[in-house]
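K.L.:
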């Protein structure tokens with residue numbers, strides 16, 4: 572994934588609610604509540620999903 576072009580980034584809460592969609596790999600969760608989030612990064616080659624815990 573390193574060096575690949577990011578097509579989109581989608582951030583969802585554990586509940587499934589989408590809180591952010593971006594065309595760049597930069598997103599801001601500072602105005603979001605404490606929760607578990609999933610970040611899906613889509614490139615031309617693959618989609619990677621990572622879990623983020625915001626305290």
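Numbering (this note's numbering), first residue to last: 572 to 626. C-beta atoms are modelled at their ideal positions from N, C-alpha and C, and glycine is treated no differently.
Using the Cα positions of residue 550 and residue 581, report the straight-line distance between them to the nearest angstrom.
P.N.:
Here the chain has residues from 572 to 626 only, and residue 550 is not among them.
K.L.:
Could you please give the first and the last residue of the uninterrupted beta strand (DSSP E) stretch that includes residue 586?
P.N.:
If you number the chain shown from 1, residue 586 lands on position 15. Here residue 586 belongs to no beta strand (DSSP E), and DSSP marks it neither H nor E.
K.L.:
Determine whether the beta carbon atoms of residue 577 and residue 596 lie at a separation below 8 angstroms.
P.N.:
If you number the chain shown from 1, residue 577 lands on position 6. If you number the chain shown from 1, residue 596 lands on position 25. Yes, Cβ-Cβ distance for residue 577 and residue 596 is below 8 angstroms.
K.L.:
Which of helix, strand or coil does DSSP assign to residue 609?
P.N.:
Here the question's residue 609 lines up with position 38 in the chain shown. Here residue 609 sits in strand by DSSP.
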